[in-house]
Every structure is written in structure tokens, then in C-alpha cells.
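Participant: Got a structure for you, questions after.
There are 4 protein chains.
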Amino acid sequence: MIRFNCDYSEGAHERILRKLAETNLEQTPGYGEDIYCQEAGDIIRKLCKKEDAAVHFLVGGTQANQTVIAAALRPHQGVVAAVSGHINVHETGAIEATGHKILALPSEDGKVRAEQVEELYTAHAKDESFEHTVQPKLVYISNPTELGTIYTRGELEALQAVCRKHKLYLFVDGARLGYGLAAEGNDVDLPVLSSSCDVFYIGGTKVGALFGEAVVITNKELMTDFRYHIKQRGGMLAKGRLLGLQFIELLRDGLYFELGAHGDRLAGRIRAACEKKGYPLLVYNTTNQVFPIMPDSVLKQWKGKYSYTHQGRVDEGHTAIRLCTSWITREEHVDALVRDILNS
Amino acid sequence: MIRFNCDYSEGAHERILRKLAETNLEQTPGYGEDIYCQEAGDIIRKLCKKEDAAVHFLVGGTQANQTVIAAALRPHQGVVAAVSGHINVHETGAIEATGHKILALPSEDGKVRAEQVEELYTAHAKDESFEHTVQPKLVYISNPTELGTIYTRGELEALQAVCRKHKLYLFVDGARLGYGLAAEGNDVDLPVLSSSCDVFYIGGTKVGALFGEAVVITNKELMTDFRYHIKQRGGMLAKGRLLGLQFIELLRDGLYFELGAHGDRLAGRIRAACEKKGYPLLVYNTTNQVFPIMPDSVLKQWKGKYSYTHQGRVDEGHTAIRLCTSWITREEHVDALVRDILNS
Amino acid sequence: MIRFNCDYSEGAHERILRKLAETNLEQTPGYGEDIYCQEAGDIIRKLCKKEDAAVHFLVGGTQANQTVIAAALRPHQGVVAAVSGHINVHETGAIEATGHKILALPSEDGKVRAEQVEELYTAHAKDESFEHTVQPKLVYISNPTELGTIYTRGELEALQAVCRKHKLYLFVDGARLGYGLAAEGNDVDLPVLSSSCDVFYIGGTKVGALFGEAVVITNKELMTDFRYHIKQRGGMLAKGRLLGLQFIELLRDGLYFELGAHGDRLAGRIRAACEKKGYPLLVYNTTNQVFPIMPDSVLKQWKGKYSYTHQGRVDEGHTAIRLCTSWITREEHVDALVRDILNS
Amino acid sequence: MIRFNCDYSEGAHERILRKLAETNLEQTPGYGEDIYCQEAGDIIRKLCKKEDAAVHFLVGGTQANQTVIAAALRPHQGVVAAVSGHINVHETGAIEATGHKILALPSEDGKVRAEQVEELYTAHAKDESFEHTVQPKLVYISNPTELGTIYTRGELEALQAVCRKHKLYLFVDGARLGYGLAAEGNDVDLPVLSSSCDVFYIGGTKVGALFGEAVVITNKELMTDFRYHIKQRGGMLAKGRLLGLQFIELLRDGLYFELGAHGDRLAGRIRAACEKKGYPLLVYNTTNQVFPIMPDSVLKQWKGKYSYTHQGRVDEGHTAIRLCTSWITREEHVDALVRDILNS
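Residue numbers (the numbering used here), protein chains in the order written: chain A, 29 to 372; chain B, 29 to 372; chain C, 29 to 372; chain D, 29 to 372.
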């Protein structure tokens with residue numbers, strides 16, 4: 029079986045394993061207070077051109093989302109997100125478990141628009157019984173989104189503008205950031221991201237690390253006591269250096285961006301095959317996720333050969349699926365899939 | 029600087045790193061549904077002689093404690109623990125963050141006694157205004173405790189008896205279990221542990237793994253939907269096999285117990301040196317933590333040479349400290365420390 | 029100004045005030061353990077024909093919703109509700125504050141349909157990554173709904189059937205129950221309600237009491253330790269008898285149903301006037317809330333004369349509003365309003 | 029049976045009932061936005077000599093404690109309180125249910141001392157692993173305490189000083205404030221209280237109201253969005269004017285203080301009888317609670333005649349109990365009790 033169901037089927041880039049082995053018997057302080065976390069943080073601050081950003085390393089995405097959001101909000105405040113946002117659908121209510129409502133906005137392509145935030149904020153502010161409704165305070169977006177689409181610089185800046193205007197925080201979930209930054213048509217880079225949002229993270233788990241998300245906080249209000257929150261939410265790794273070491277390897281010389289580009293290129297080949305064959309896409313994007321609408325007869329043939337994610341029934345004979353490439357997807361696996369698409 | 033401040037200063041046992049490298053490019057399902065987690069679970073069930081136990085792998089101890097406790101309790105129920113229990117003092121209120129009160133019991137040696145539980149339960153049950161107080165429902169103990177002491181089989185069985193009598197759950201935090209099971213004077217093994225409590229975990233982080241705690245649930249009531257809870261609390265590792273692989277290596281041929289014995293033996297050498305020199309122990313135990321009461325003058329000399337944990341001021345000139353050995357502590361480091369103790 | 033903006037603008041029915049005065053200096057046990065709460069509970073059990081129902085009295089609706097839901101669910105479970113449900117829009121995230129997600133279903137008329145519940149449940153159960161999503165466990169409906177519509181006996185029984193089939197709880201918020209039971213076209217009564225849901229409440233605040241909601245639990249699973257939950261959520265009134273006394277007066281001889289009928293009849297007059305005048309209704313119902321779509325020019329004239337609730341802009345020149353009658357609305361106030369509608 | 033078990037066995041002062049009746053059919057806005065709440069707030073601001081204080085009315089004490097504390101703290105922060113504090117023992121974990129740990133301090137007489145706060149704060153600040161422990165942020169005291177003792181002005185000011193020094197909030201639970209302010213030896217008044225703490229409440233439930241606590245916030249940081257918190261915690265009474273009306277009656281001409289003095293004077297008679305008879309007091313105070321240590325033989329005789337609260341077994345033949353007087357305790361009931369004490 030060849031796995032195209034997600035981007036975390038394998039371990040880590042070999043350089044990461046090597047680095048872990050090399051440093052294995054060194055003694056360091058625990059809980060992220062070691063020299064490697066320090067160094068990784070410095071690399072990130074430099075890449076982001078934000079010398080005063082706070083950088084924290086967490087093991088996974090749900091943890092990062094939960095910790096950032098719970099740290100940012102007071103009890104009566106809620107998170108604005110796309111209805112398809114990861115926190116709204118795939119985290120078993122982790123945000124609600126910290127006490128906060130997700131104010132879900134409709135979205136066809138996984139993105140939240142500045143106008144939607146403006147409208148939602150204004151509706152709350154003007155409501156006669158505003159104190160009876162949750163106060164919007166933080167806007168959560170992912171880049172790329174759950175549907176693989178990416179925000180343009182203009183879109184990010186528009187979101188930033190509406191957030192600043194209404195004193196909302198803007199938080200970018202970058203679990204697949206590497207695939208976004210390397211994508212065709214992307215005009216966002218780390219400095220743009222850093223200066224347009226209050227907090228974001230650089231996802232490692234899906235882009236070459238064993239695990240790990242680097243949370244970058246640029247808004248001073250959100251920096252205070254952040255390590256307490258990490259500990260309280262169960263996210264403070266005893267051997268924290270494992271996180272620092274991985275991000276050093278990923279980011280010291282551009283490996284992270286190469287890995288992202290690899291995944292995007294191979295997804296592009298699959299996408300092109302689908303288009304050539306005439307299989308429509310549920311949503312178009314240029315990152316590592318492809319969402320073709322497939323005849324059920326073809327999917328039947330793929331059983332046991334390829335794994336993919338079920339995205340939804342479209343009609344009697346068709347199903348939308350997700351095919352995911354990754355930093356380590358093999359060219360020959362894509363060759364095989366492309367062949368099978370074209371010959372189907 | 030030689031670190032004796034904790035048992036997680038280094039990476040992992042070399043066999044673990046090797047195993048991770050060997051399997052690195054295999055594709056497996058995520059979130060702990062891979063063959064390695066399955067295999068590790070089977071090994072654990074066999075070692076515990078509990079074929080129907082549920083085994084789940086979590087990254088760290090706070091996460092494990094939080095997830096087990098929140099999954100077990102209804103909102104008005106609380107956790108009984110020693111006042112020195114890890115959940116009561118070193119987890120930044122992680123349990124309270126899930127909504128539950130910790131009902132703390134006094135303890136000199138870190139242990140909870142069956143009689144204390146009986147008394148607390150009865151006081152609640154007899155209270156005229158019992159509905160105005162938190163209902164005790166789960167007893168949390170660690171073995172070894174925060175003070176390195178271990179429970180005897182008799183003590184565990186007495187706790188089990190009182191818990192069964194009053195329908196309380198018994199939960200054993202085994203973050204340092206390897207050091208407990210290998211300790212001089214210990215009469216508990218995995219089958220005893222499995223049959224005397226409702227849920228416990230085998231700690232990997234402090235006994236040779238990069239990270240990881242294997243939660244073993246023996247009470248069917250606690251098994252239902254447990255994976256939802258793991259996900260909600262941010263503890264479901266995407267590349268879950270990393271946990272399975274580590275526990276396979278630690279447990280397939282007794283490595284875990286050897287590593288525990290190594291730490292205990294070296295701690296024993298330090299303890300003996302303290303006793304020989306006449307430095308009293310805050311609490312006596314036979315595991316990998318030593319708690320001598322040291323003259324401040326000696327500690328001053330150690331500055332920059334050895335790291336340790338501050339345990340508390342005892343009097344004007346003396347301080348109780350904690351010296352920790354581990355699965356990888358080097359004999360020559362202990363030689364040096366013993367020499368410095370004896371010559372101090 | 030004549031208030032039609034809500035159904036809690038006045039105090040209580042005079043019989044209630046008289047009863048409070050008569051019993052004022054009696055000494056009774058606190059926290060709802062007095063003879064009046066006992067008597068009120070007995071009356072309710074009899075009216076519901078459920079001898080083994082548990083009855084508890086809470087001060088208000090948000091409290092009742094929060095307490096029932098938090099008591100019923102485990103952490104990973106969520107509440108199914110109409111998107112317009114009171115808990116989803118008008119309680120400042122009170123449910124999320126107890127840790128639970130609201131799984132909102134689209135609804136034109138404020139009702140949840142059995143088929144929607146079936147579909148939602150099945151989608152969750154069939155989801156490949158079901159453990160990553162919130163588990164539906166309780167269905168929350170209001171009768172009458174937020175839009176004043178009422179459930180038929182058939183609809184309730186269909187909801188009950190799907191809930192039983194999937195082991196979901198059915199919870200009916202009856203904040204305006206009096207207006208529902210007295211409504212034209214209603215075929216539900218207390219025994220029907222009691223036997224078709226697991227828990228519901230009889231709202232006093234909006235139907236003649238100073239305050240108070242009588243929670244009736246018919247499912248034994250939900251009865252356990254319920255008083256602990258009331259206390260924990262801040263809902264245990266010290267002088268609990270105030271609640272018992274009010275429900276005795278409302279329910280001992282049918283006053284509650286008369287008060288409901290009064291409100292419904294007067295709302296009917298307003299509704300008829302709107303229809304006669306040609307003002308369309310946002311949603312049609314037969315209870316005490318009327319939702320006409322009004323010309324802004326008319327609303328301008330009403331300023332300072334009548335208060336109402338803003339329901340939403342419909343187009344450039346029209347606004348949907350809510351006009352509420354109540355148990356104590358004066359005939360002459362309705363006369364005036366009807367006149368102004370017809371002459372507008 | 030004559031009830032001395034608590035101070036909320038009866039209804040309300042007759043003036044309150046009269047006021048409710050007089051205003052019963054007036055129409056007012058709901059949720060505390062009526063003229064009576066406004067007027068009551070003005071009276072309180074004047075009595076406190078704090079023109080810019082925010083005043084909110086809540087139904088009960090647990091609700092008030094929970095709402096204030098949850099509104100004031102971020103997730104990793106905890107409440108400092110006496111181990112005997114109401115929030116620590118008699119609210120079914122209501123504070124923990126909002127996610128916060130109570131940092132309990134030992135106390136013989138129910139009071140928290142400034143030195144204890146200083147010590148606790150410093151211990152946290154100096155702890156090597158401070159981020160692994162809950163951050164103290166709010167000091168909760170009651171005046172009178174659970175044991176009926178009262179704070180002197182000096183004690184309050186010392187607490188204020190340590191709180192200001194370390195940026196902690198000082199919160200005074202005044203559920204029995206009326207009995208404290210009227211007590212012999214008391215040197216605190218509303219202006220002193222207002223200027224020495226950040227938030228406190230004037231308890232109505234136990235001092236002549238049907239129910240109600242007036243929360244007075246003097247620190248601007250705590251004022252923001254407070255009404256959202258009230259709503260979220262289920263504490264926003266629909267007919268909020270019921271609260272305003274009661275506090276107007278209690279406070280417009282000193283009735284509240286007279287009622288407190290009445291309770292204190294009668295408790296004094298009981299206390300004197302105990303002392304005369306030689307029954308020792310568990311703790312001495314001058315407010316409305318008396319804590320004699322009684323021979324079990326006497327308590328046996330009282331069965332069915334007097335109700336009291338069990339406070340704890342003292343030795344084989346003696347039990348500490350609590351006898352409570354109130355704003356409405358009858359002289360002849362105290363006559364009887366005093367007689368029975370002296371003749372026992």
C-alpha cells in the first residue's frame with residue numbers, strides 16, 4: 029500500500045536523526061531551557077526579521093492551538109475561525125475544553141476574509157444584548173488552510189488591518205507552512221507573516237521533523253507567562269532540546285523550504301494528471317494536498333493499493349478525496365499514481 | 029558541570045535511536061494505530077499478565093496525568109493525592125485546569141495510606157453538607173513517589189481494598205517506575221501493579237526513552253473512548269509509532285529494568301557516601317533520588333561543578349537537596365561526587 | 029413606553045407574592061431541602077405522571093442549561109442544537125465554559141429534526157477519524173423554540189426514537205413552556221413531554237414567577253449526584269423554598285397554564301393585526317412571540333412608545349422584529365398596539 | 029424545632045417584601061439595567077465613598093465568588109485562601125471548575141495573614157521551577173471569616189500592602205458583612221473596605237434579603253466586561269430589579285447595619301451563657317456565629333429541640349458545634365437556648 033492519506037506517514041529527515049544521535053549523550057537542562065532551543069529560536073528570529081519575537085517549541089498542532097488560544101483569551105472571549113478550520117472540526121473540542129467558543133464563519137476555500145471578520149465584529153458590537161453573546165477576540169486562520177489554499181500577502185494584511193482596528197489577535201496555524209511558503213503563486217514569506225500576525229507557528233511534524241511546532245509570538249501582550257501555559261496544557265517536553273535540535277536542522281540552511289517544495293512539486297504532478305484526465309478538483313490549490321472528485325469505480329480499483337482521505341460524497345457515483353504528498357514522498361510512488369489516474 | 033538535578037538530562041538509549049533510524053522511512057498509519065504501537069501494547073499486556081488491558085502511549089507525564097484524571101471523573105469529583113504529589117505541586121494546575129479539585133493529604137514520605145483514604149472518604153460521606161464539598165473519586169499515587177519511596181505490595185493492596193470498597197479508582201503514576209521495580213526491598217512487579225490498580229503508566233522519559241509514557245488501563249470503565257480524551261488534551265502524537273518503537277526496545281528483553289537498576293545502584297553509592305560522612309537524609313529510599321541535608325558551605329563549593337535540585341532550607345547552615353541518578357549516569361561522575369562528599 | 033421586548037418585564041403573579049409573605053417568617057432547612065420544594069416536586073411528578081422523576085429548582089435558564097448539560101456529558105462529548113438555540117447564541121458561551129462544544133444544526137424555524145440528528149450521528153460514527161471530532165451525546169431543543177414554534181407530539185417522539193437508538197440524551201429547555209402548552213395546535217402535554225425526553229424544565233421566570241425553572245429528570249442515569257452539580261455551578265439557592273413556593277402556586281390548580289394562555293391569546297391578536305395589515309411574519313407560530321417584518325418608517329414612529337427586539341434587517345426599508353406578550357400583558361396595551369399596526 | 033444552624037432559615041425583612049409588592053407590576057428593562065439597580069448602586073457608591081466603583085448584583089455567594097475569581101485570573105493563576113475558606117471547602121469545587129487552583133494557607137482562626145501571603149508569593153517567585161507551579165494572583169478572604177472572626181483595619185491594610193507590592197488582587201467575601209461591620213471591636217467600615225481591597229461584596233442573603241450579593245469593584249482592571257462574566261456563569265437574573273430593590277431597602281437608611289447588630293447581640297448572649305457555664309469556645313469572635321465545645325450528653329438532649337451545625341469531634345465526649353443567630357432571630361428563642369445552656 030502506498031500512502032497518500034497524510035503527510036506524516038514516515039519518520040524524519042535523515043539529518044535530524046543524525047543530529048539527535050550526535051548530541052544524544054550530552055547533558056542539558058530540561059524543558060526547553062537548553063542551548064539548542066536557544067539557537068533554534070535565534071535562527072527563527074533572524075529568518076523572521078523579528079529580533080524581539082518569543083519562540084517556544086511544542087510537540088504538536090492541537091497542543092499549540094490550545095495553548096496559544098487559552099493563553100490569549102479571557103473566559104468570555106471566543107475564537108473566530110473558518111467552519112472548516114482544524115480547531116473547529118478535528119481536535120475533539122480541544123478549544124472548547126479550555127472554555128472558549130469557536131465562532132465559525134462559512135468558507136468555500138478554507139479561508140477567512142477580512143470582510144467576514146469586520147461583519148462579525150460589528151454585529152457583536154451593535155447587538156442590543158452583546159453581553160449575552162461571546163465576545164470575538166482572536167482570529168484563527170491556517171496557512172495553508174485545511175483545503176490547501178494559501179493566503180496572499182494582501183489578504184493577510186487586510187486581516188491584520190481589521191484585527192488591529194478592533195483589537196483582535198491574529199493567529200496563524202502553520203502546521204503545513206513549509207508547503208505554503210514554497211507554493212507556486214505564494215507571495216508571503218516569514219518576515220511578512222511575522223509582521224502581519226500576533227502569533228503563528230512553523231510546523232515541523234508535517235515537514236520533515238519527527239514532531240514539533242515552533243510557536244512565534246510577536247505581540248508582547250501574548251508573551252507574558254507563556255511557559256506557564258505550555259506546562260499547564262501538558263506541552264512542556266522534558267527533553268526539550270529534541271525540539272530545538274530538529275528546528276536547527278530544518279531551518280539553518282533552508283532544508284525546510286526545500287522539503288516543502290518537494291511535496292508541492294509532486295502534488296502538482298498528481299493535480300495535473302487529474303486535470304488532464306478530467307477529474308474535477310473540489311478546490312484548487314498549489315500546495316501538497318490534492319482534492320480530486322473521483323469516480324467510485326476508480327477508487328474501488330485503488331483499494332489496497334493507495335491510501336487517501338475521504339473528503340465527502342459528491343453524487344451517486346463520485347467521491348471527493350484528498351491525496352497528500354509530503355517532504356519524503358517518493359517520485360516512483362507518484363509515477364505509479366499518475367499512471368493509474370491517466371489510465372483509469 | 030555534572031548534572032545530578034534530574035533524570036532526563038540526556039537523550040535516549042542507543043538501541044532506541046537505532047530502531048528509529050531503521051524504521052524511519054517506513055510508512056505507517058498515524059496517531060498510534062500502527063503495528064509498532066500494537067506490538068508494544070502486546071508486550072506490555074504480556075508483561076503485566078493482563079490480556080485485556082488497554083494500552084495507550086502519551087508523550088509526557090503531565091499529559092498522562094491530566095488525560096487519565098479528566099477522563100475518569102465527572103465534574104463534581106476530585107482526586108485524592110499526597111500534598112507532595114506531582115499533580116499537586118509541579119504541574120501548574122493542570123488538573124484544576126480540567127475542572128477538578130485535588131484533595132491533598134498530609135504525607136511525610138510522599139505516600140498515601142489506605143487509612144487516610146478511608147478517613148477522607150468517610151468524612152465526606154458523613155458530612156451533613158456533603159453535596160457542598162467535592163466528592164472523592166480517584167486516588168492518585170506515584171510509585172516511586174516524589175520522594176523516591178516505594179509502595180510495598182501490602183500497601184498497594186490495602187489501597188486497592190479501600191478503593192474497591194468505596195468505588196474509587198486507583199491510579200499509579202509510574203513516571204519513575206523502572207527505578208521502583210528495580211529497587212532494593214521492592215516486592216511489586218508489573219502483574220502485581222496491574223492487578224492492584226485501575227490504571228497506571230510505565231514511564232519512559234526518565235528511564236531511557238526520548239519521551240513517552242505507556243498508560244495501562246485495567247478497569248473497563250476507564251477504557252471507553254479513551255482515545256478521544258487523548259486527542260482533546262493535545263496528547264495524540266501524529267507519528268505515534270515513535271512511542272510504540274521506544275517501548276518495544278525498552279520492554280522486549282528487559283532493558284527497561286536494567287536501566288532502572290543502573291540508576292538505583294549509582295544512587296545507592298551516593299546515599300552510602302552521605303551516610304558514611306554523616307549527612308542525614310531528608311527521607312530514606314532505595315531508588316534513584318537521594319535527599320541529603322547538606323552544609324551550605326559544601327554546596328557553595330559544588331557551584332558550577334554539580335547541579336542538583338533545591339529541596340528546602342532546613343536550618344541556618346543546612347539545605348536539603350535532591351541528587352538524581354539515571355539510566356545513563358556515568359560511573360566516573362558518581363566516583364567524583366562520592367569523593368567530594370567524603371572529602372567535604 | 030409600553031414594553032413588548034420580552035416576557036420578564038414585570039414581577040410575579042400576586043398569588044406568589046402573597047404566598048411568600050405568608051410563609052416569610054417560617055424557619056425551614058436551606059438549599060431546597062424544605063417541605064415546599066418537596067411539595068412542589070410532588071405536584072410536578074403528579075402532573076407529569078412520573079412518580080420516579082427527580083425534580084430540582086434552579087433560579088434561571090442559563091444556569092439550568094449549563095448544569096444539566098455539564099452533568100450529563102463526559103469531556104469529549106458535545107451538545108446537538110439548532111444554530112439559533114439559546115445555548116448557542118445567547119448565553120455568552122456558558123456551555124463552552126463547562127468544556128463542551130455545541131454541534132449546531134441549521135434550522136429555519138428554530139426546530140431540530142430527527143433526521144438531522146440521525147445524519148449528524150451517523151456522519152460522526154462513520155468518520156475515519158471519529159476520535160478527532162466531538163462525540164454527539166445530548167440533543168438540546170427548546171419548546172417553544174427561540175422562534176416561538178412548537179414541537180408536535182410526533183416530532184418529539186421521532187427525536188426520542190433517534191436518541192434512544194443512538195444512546196443520546198434528549199433535553200428540552202422549557203423556559204417558555206407555559207406558552208407552548210397553551211398554544212393553538214399544540215398536542216403535547218406534561219406527561220407526553222416527560223415520557224419523550226430524558227430531562228426538561230418548566231420555566232417559571234417567563235410565566236408568572238419572580239424567577240425559577242423546575243428541572244424534571246426522568247432518566248435515572250442523569251439523576252445521580254445532581255445536587256452536587258447544582259452547587260458547583262452556583263445554582264443552589266440558600267433559601268431554596270422561594271423556588272418551591274412559587275411552583276406550588278403556579279402548578280397546584282392550573283394557574284401556570286392560564287397564564288400561558290393569556291400571553292398566547294394577546295400575541296394572537298397582534299399577529300392577526302399584522303396579517304390583516306399585510307406585514308409578513310418572519311416565522312409563523314401560535315405562542316407569545318410575534319415576528320413581523322415591519323417598514324422602518326413605522327418603527328420610527330414607535331420609538332419611545334413601544335419597545336421590541338430587533339431581529340434582523342430584511343431589506344433596505346424593512347426590519348424583522350420580535351413583539352413579546354406575557355402572562356401579565358394588559359389588554360389595553362395590546363389594543364393600542366393593534367390600533368397602531370392597523371393604522372400604520 | 030428552633031433553628032440555630034444557619035442564618036438563612038427565614039425569608040426577608042418585611043420592608044423588602046413590601047417593596048417588591050409595591051413595584052410588582054411596573055415594567056422595567058431586564059438583567060440589572062433598570063432604575064432600581066442603578067439607584068442601589070448609587071447608594072452603595074455613596075456609602076463606600078467610591079464614586080467610580082462598579083456595582084453588580086448577583087443572586088448568591090458561590091456565584092459571586094466564582095464569577096469574580098474567574099473574571100480576574102488568567103488560566104495559570106491561582107487563588108490564595110485560608111484552608112478553611114468557603115471556596116476551599118463548601119462550594120463543591122466551583123473555583124476549580126473554572127480552571128483555577130486554590131492555594132490554601134493554614135489558619136487557626138479563619139484569617140489569612142499578610143506575612144503568609146508574602147511568604148507564599150516569595151516562595152513561588154524564587155522557585156527554580158516556578159513555571160511548573162501555579163502563579164498566585166488573587167487573595168481571597170472573608171470578613172467575617174468562616175469562623176466568625178473579623179479583620180481589623182490594620183490587618184486589612186497589611187494585606188493590601190503585600191498585595192499591591194506583588195500585584196495581587198485582594199477580594200473580600202462579605203457574605204456576612206453586616207454581622208462583621210456591626211460587631212463589637214470592629215474598626216472597619218465600608219469606606220475602609222472599599223479602599224483596601226480590589227473587589228468585595230455586601231451579602232444580602234444572610235442579612236435580611238431573600239437573596240442577593242452586591243459585588244463592588246474598585247479596581248478598574250477588574251471592571252472590564254464584568255457583565256459578560258456574570259452572564260456566562262449563569263448569574264444574570266432576568267428580573268434583575270429584584271436585586272436592586274432589596275439592596276435599596278437594606279441600605280437606604282441603615283437597616284442592613286441594624287439587622288447585623290441584632291444578630292450579633294443575640295449571639296453575644298449565647299456566647300456569654302456558654303462562657304458562664306464553662307463551655308469553651310473553639311474560636312472566639314464577636315459576630316453572629318458561636319462555636320462552643322459541648323458535652324455530647326447535652327447535645328443529645330437538644331435533639332429535636334434546637335438545630336445547629338456539627339463542627340467537629342473534639343474528644344470522646346465532646347463536640348464542637350456552630351450556633352448561628354441572624355437578622356431575625358427571636359429574643360424568646362435565645363432566652364430558651366440560654367436557659368438550656370445554663371441549666372445543662
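Using N, Cα and C, we set each Cβ at its ideal position, and we do this for glycine too.
(1) For C/R280, which option in C/T173, C/A49, C/D70 and C/G58 has the closest C-alpha, if you only look at C-alpha atoms?
(2) Give the DSSP bridge partners of B/S335, in chain order.
(3) DSSP beta-bridge partners for B/R341?
(4) Which residues in chain E sit within 7 Å of C/Q66, going by Cβ to Cβ distance?
(5) In the DSSP assignment, the beta strand (DSSP E) including A/V140 goes from what residue to what residue?
(6) Quick test of your reading: C/G268 and C/G121, contact by CB under 8 Å. State the CB separation rounded to the nearest angstrom.
(7) Residue range of the beta strand (DSSP E) that B/H84 falls in?
(8) Check whether the Cβ of C/E344 sits closer than 7 Å to any heavy atom of the ligand COA, and report yes or no.
(9) Please name the residue or residues paired with D/G106 in a DSSP beta bridge.
(10) Determine, using beta carbons only, whether C/G89 and C/A110 come nearer to each other than 8 Å.
(11) Please report the distance separating the alpha-carbon of B/L117 from that of B/I123.
(12) With contact counted as at least three CB pairs below 8 Å, one residue from each stretch, are the region 296-316 of chain B and the region 197-212 of chain B in contact?
(13) What runs of the alpha helix (DSSP H), each 4 residues or longer, lie entirely inside the region 279-325 of chain C?
(14) Can you tell which of B/V235, B/E241, B/A100 and B/R350 has the C-alpha that lies nearest to the C-alpha of B/F285?
(15) Let's test the definition: count the other Cβ atoms within 10 Å of the Cβ of D/K165 and tell me whether it reaches 16, buried, or not, exposed.
(16) For D/D368, which of helix, strand or coil comes out of DSSP?
(17) What runs of the beta strand (DSSP E), each 3 residues or longer, lie entirely inside the region 56-85 of chain C?
(18) Determine, using beta-carbon pairs with one atom in the region 208-222 of chain D and one in the region 159-175 of chain D, whether at least three such pairs fall under 8 Å.
(19) Give a yes or no on whether 8 Å exceeds the smallest Cβ distance from B/A266 to chain C.
(20) Indicate whether B/C65 and A/G58 have their beta-carbon atoms separated by less than 8 Å.
(21) With DSSP run on the structure shown, which of helix, strand or coil describes A/L131?
(22) Could you spell out the range, first to last residue, of the alpha helix (DSSP H) harbouring A/Y197?
(23) Could you say which of A/Y149, A/G231 and A/D226 lies nearest to A/K248 if we only look at CA atoms?
(24) How long is the line joining the alpha carbons of C/G231 and D/L48, rounded to whole angstroms?
(25) Would you mind working out which of B/L101, B/L221 and B/A295 sits nearest B/K77, comparing C-alpha positions?
(26) Is there a Cβ from chain D that is less than 8 Å from the Cβ of C/C352?
(27) Tell me where the alpha helix (DSSP H) around B/A92 begins and ends.
(28) From the beta carbon of B/A40, is the nearest beta carbon of chain C less than 8 Å away?
(29) Does the beta carbon of D/L365 come closer than 8 Å to any beta carbon on chain C?
(30) For D/K259, decide whether its Cβ has a neighbour in chain A, counting only Cβ atoms nearer than 8 Å.
(31) Please classify B/K331 as buried or exposed, where buried requires at least 16 neighbouring CB atoms within 10 angstroms.
(32) Taking Cβ positions, are C/T67 and C/N93 nearer each other than 8 Å?
(33) Does the beta carbon of D/V216 come closer than 8 Å to any beta carbon on chain C?
(34) Is there at least one Cβ from chain D nearer than 8 Å to C/S37's Cβ?
(35) Would you say D/V243 reaches chain C, if we count a Cβ-Cβ gap shorter than 8 Å as a contact?
(36) Compute the Euclidean distance between the alpha carbons of D/G282 and D/E54, then round it to the nearest angstrom.
Facilitator: For this structure:
(1) C/D70
(2) B/R31
(3) For B/R341, which the question treats as bridged, DSSP gives the partners B/T347.
(4) Within the model displayed, chain E is absent; protein chains A, B, C and D are what it includes.
(5) Unbroken run through A/V140: none, as it is neither H nor E.
(6) With 8 Å as the limit, C/G268 and C/G121 do not qualify as a contact, their Cβ atoms being about 28 Å apart.
(7) A82 to L86
(8) As far as ligands go, the structure on display features none, and thus does not contain the ligand COA.
(9) D/P164
(10) No, Cβ-Cβ distance for C/G89 and C/A110 is not below 8 Å.
(11) The sequence shown places Val at residue 117 of chain B, not Leu. Cα to Cα, B/V117 sits roughly 11 Å from B/I123.
(12) yes
(13) 283-305
(14) B/V235
(15) buried
(16) Collapsing the DSSP output to three states places D/D368 in a helix.
(17) none
(18) With the cut-off at 8 Å, the region 208-222 of chain D and the region 159-175 of chain D touch.
(19) no
(20) no
(21) Three-state DSSP puts A/L131 in a strand.
(22) Counting along the chain, A/Y197 falls outside any alpha helix (DSSP H), though it belongs to the beta strand (DSSP E) covering Y197 to D201.
(23) A/D226
(24) 21 Å
(25) For B/K77, the closest of B/L101, B/L221 and B/A295 by C-alpha to C-alpha distance is B/L221.
(26) no
(27) G89 to A100
(28) no
(29) Not an interface residue.
(30) yes
(31) exposed
(32) Here the sequence assigns Glu to residue 67 of chain C, which means Thr is not the residue at that position. The answer is no: Cβ separation not under 8 Å.
(33) no
(34) yes
(35) no
(36) 26 Å
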